[in-house]
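Notes for the one structure printed next.
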Amino acid sequence: MIEVAWSDFTPWTALAGGLLIGLAAALFLLLNGRIAGISGIVGGLLSPSRGDIVWRFAFMAGLIGAPIAWLMVADLPPIEINAGYPSLIIAGLLVGLGTRYGSGCTSGHGVCGLSRLSLRSLAATLSFMAAGFITVYIIRHLLGA
Amino acid sequence: MKYNLASLFAGLIFGLGLIISGMANPEKVLGFLDIAGLWDPSLALVMAGAIIVGVFAFAVARRRTLSFLGFSMKIPTSTHIDKRLIIGGLSFGIGWGIAGFCPGPGLVALGAGEIKAAVFVVSMVAGMAVFELIERQRVKT
Numbered sequence: 000m001i002e003v004a005w006s007d008f009t010p011w012t013a014l015a016g017g018l019l020i021g022l023a024a025a026l027f028l029l030l031n032g033r034i035a036g037i038s039g040i041v042g043g044l045l046s047p048s049r050g051d052i053v054w055r056f057a058f059m060a061g062l063i064g065a066p067i068a069w070l071m072v073a074d075l076p077p078i079e080i081n082a083g084y085p086s087l088i089i090a091g092l093l094v095g096l097g098t099r100y101g102s103g104c105t106s107g108h109g110v111c112g113l114s115r116l117s118l119r120s121l122a123a124t125l126s127f128m129a130a131g132f133i134t135v136y137i138i139r140h141l142l143g144a
Numbered sequence: 000m001k002y003n004l005a006s007l008f009a010g011l012i013f014g015l016g017l018i019i020s021g022m023a024n025p026e027k028v029l030g031f032l033d034i035a036g037l038w039d040p041s042l043a044l045v046m047a048g049a050i051i052v053g054v055f056a057f058a059v060a061r062r063r064t065l066s067f068l069g070f071s072m073k074i075p076t077s078t079h080i081d082k083r084l085i086i087g088g089l090s091f092g093i094g095w096g097i098a099g100f101c102p103g104p105g106l107v108a109l110g111a112g113e114i115k116a117a118v119f120v121v122s123m124v125a126g127m128a129v130f131e132l133i134e135r136q137r138v139k140t
């Protein structure tokens with residue numbers, strides 16, 4: 000049986016944030032005609048072609064600038080990173096390699112792909128969700144870290 | 000110019016959404032992925048909220064050949080479900096489960112000045128570079 004951590008459950012901010020993420024993806028799609036897939040936007044910089052670089056940096060600047068803009072108005076909610084450096088390096092390598100190999104991440108496949116009812120994106124989303132659940136299970140409950 | 004400004008704006012809104020939703024906090028993400036522990040279902044609502052808006056946007060986009068700013072619509076057409084897609088997804092999922100970071104939240108946490116997020120992002124870009132090298136080698140042979 001799944002035990003829900005009701006004290007950690009934040010339905011309203013989760014929903015509000017989700018709507019905002021959807022709005023961002025919608026704006027990007029309807030204004031620029033593109034999918035807001037972050038791994039694709041970042042990864043595309045590694046095989047650059049003319050006229051295809053600045054907008055990628057602009058999108059990334061928006062993401063990196065978001066906490067800075069937030070700080071002008073209010074304190075940032077906590078960002079708790081408990082993974083150690085070796086774990087972060089391995090995680091980064093796997094995320095980088097995996098998202099490029101699988102052509103997308105939580106944004107491209109998870110949000111945009113499911114929004115356009117793509118079975119390919121559903122398959123990708125189920126793969127990374129399943130791997131995420133199993134990995135956390137192994138780390139937290141089998142290895143007890 | 001307007002293309003780049005729209006990109007910046009979309010990235011900013013996306014980042015604010017990640018902060019409000021809790022996705023920018025790896026512990027929150029891991030709380031969602033930990034179904035055998037005390038499970039925090041919040042992130043399911045993040046996905047639901049984003050997809051509710053997204054479904055309408057794609058329904059509008061599907062009827063257009065040009066975006067509202069006059070650019071060509073670049074919507075993926077591939078429907079192929081192959082080994083690359085699944086293995087890539089699994090690899091990404093393992094990395095996601097190890098640190099609680101996926102690409103967007105990694106960049107947002109980097110902007111918040113987290114050194115550990117910078118280490119994650121640099122490793123992520125290195126992983127992408129490894130992919131590029133493998134692909135270029137594959138095309139050559």
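These protein sequence lines map, in sequence, to chains G and L.
Going by numbering that gives the first Met the number 0, the first sequence opens with residue 0, and the numbers climb by one from there.
Going by numbering that gives the first Met the number 0, the second sequence opens with residue 0, and the numbers climb by one from there.
Idealized CB from N, CA, C, for every residue including glycine.
Cβ neighbour criterion (16 or more within 10 Å) applied to Ile52/G: Answer is exposed; the Cβ neighbour count stays below 16.
Between the stretch 31-39 of chain G and the stretch 58-76 of chain L, do three or more beta carbon pairs fall short of 8 Å? Three or more Cβ pairs closer than 8 Å define a contact, and the stretch 31-39 of chain G meets that threshold against the stretch 58-76 of chain L.
Looking at Cys111/G and Gly36/G, is the spacing between their C-beta atoms short of 8 Å? Pairing Gly36/G with Cys111/G gives a Cβ-Cβ distance under 8 Å.
Which first and last residues belong to the alpha helix (DSSP H) in which Phe91/L is found? Note, Phe91/L: alpha helix (DSSP H), 82-98.
Nonlocal neighbours in the same chain, by C-beta distance under 6 Å from Thr124/G, ignoring five residues either side: The answer, listed in chain order, is His108, Gly109.
Report yes or no: do the stretch 0-7 of chain G and the stretch 31-45 of chain L share at least 3 C-beta pairs separated by less than 8 Å? Segments in contact, yes.
Can you look up Trp5/G in the DSSP assignment and give me helix, strand or coil? Annotated three-state conformation of Trp5/G is coil, per DSSP.
Of all the residues that make up the stretch 71-83 of chain L, which are near chain G by a beta-carbon distance shorter than 8 Å? Taken in chain order, the members of the stretch 71-83 of chain L whose beta-carbon sits within less than 8 Å of a beta-carbon on chain G are Ser71, Met72, Lys73, Ile74, Pro75, Ser77, Thr78, His79, Ile80, Arg83.
I'd like to confirm the pairing. Which residues does DSSP put opposite Arg33/G in its beta bridges? Lys73/L, per the DSSP bridge assignment.
Taking the continuous alpha helix (DSSP H) assigned at Asn145/L, which residues delimit it? Only positions 0 to 140 of chain L appear in this structure, which leaves residue 145/L out of reach.
Would you decide whether Ala58/L is buried or exposed? Buried here means 16 or more other CB atoms lie within 10 Å of its CB. Exposed is the call here.
Applying the criterion that 16 or more other CB atoms from any shown protein chain within 10 Å of the CB defines a buried residue, is Lys115/L buried or exposed? With 16 or more neighbouring CB atoms inside 10 Å of its own CB, Lys115/L falls in the buried class.
Helix or strand or just coil, what does DSSP make of Leu176/L? Residue coverage of chain L in this structure runs from 0 to 140, which leaves residue 176/L outside it and unanswerable.
Neighbour-count burial assignment, Tyr84/G, 16 or more Cβ in a 10 Å radius: When all chains shown are included, Tyr84/G counts as exposed.
Pull up the distance between the alpha-carbon of Ile74/L and that of Ser6/L, whole angstroms please. Their Cα atoms are separated by approximately 16 Å.
Does the Cβ-Cβ distance between Ala129/G and Ile19/L come in under 8 Å? Going by C-beta atoms, Ala129/G is not nearer than 8 Å to Ile19/L.
Does any CB atom of chain G fall closer than 8 Å to the CB of Lys139/L? It does not; no Cβ of chain G falls within 8 Å.
Within chain L, partners of Met59/G - CB distance below 8 Å: Near Met59/G (Cβ distances below 8 Å), the residues of chain L are Gly10, Leu106.
Spatial distance of Ala73/G from Lys27/L (CA atoms): Cα-Cα distance, rounded: 20 Å.
Just how far apart, CA to CA, sit Gly30/L and Ala117/L? Cα-Cα distance, rounded: 22 Å.
Looking at the secondary structure, which residues open and close the alpha helix (DSSP H) in which Gly36/L lies? Run containing Gly36/L: none; DSSP gives neither H nor E here.
Does the separation of the CB atoms of Ser122/L and Leu87/G fall below 8 Å? The Cβ atoms of Ser122/L and Leu87/G sit closer than 8 Å to each other.
Any residues in the stretch 29-61 of chain G with a beta carbon nearer than 8 Å to a beta carbon of chain L? Which ones, in chain order? Listed by position along the chain: Leu29, Leu30, Asn31, Gly32, Arg33, Ile34, Ala35, Ile37, Ser38, Val41, Gly42, Leu45, Ser46, Val53, Trp54, Arg55, Ala57, Phe58, Met59, Ala60, Gly61.
Leu118/G (DSSP reduced to helix, strand or coil): If DSSP states are grouped into helix, strand and coil, Leu118/G belongs with the helices.
Tell me the residue span of the alpha helix (DSSP H) that contains Phe130/L. Here the alpha helix (DSSP H) through Phe130/L covers 114-139.
Can you pull the chain L neighbours of Val135/G, defined as C-beta to C-beta under 7 Å? Result: Leu29, Leu32, Asp33, Gly96.
Tell me which same chain residues have a C-beta within less than 6 Å of the C-beta of Phe100/L, skipping the five on either side of it? Same-chain partners within the cutoff: Pro25, Phe119.
Proximal residues to Leu28/G (C-beta, below 8 Å), its chain only, five neighbours per side dropped: So the list reads Ile34, Ala35, Cys111, once near-sequence residues are dropped.
Identity of the residues DSSP links to Leu65/L by a beta bridge: Per DSSP, Ser71/L.
Output, in sequence order along the chain, the residues in the stretch 3-24 of chain G whose CB is closer than 8 Å to any CB in chain L. Correct list: Val3, Ala4, Asp7, Phe8, Thr9, Pro10, Thr12, Ala13, Leu14, Ala15, Gly16, Gly17, Leu18, Leu19, Ile20, Gly21, Leu22, Ala23, Ala24.
Relative to the C-alpha of Pro77/G, which candidate in Ala108/L, Ala125/L, Gly16/L, Leu132/L has its C-alpha closest? Minimum Cα distance to Pro77/G is reached at Ala108/L.
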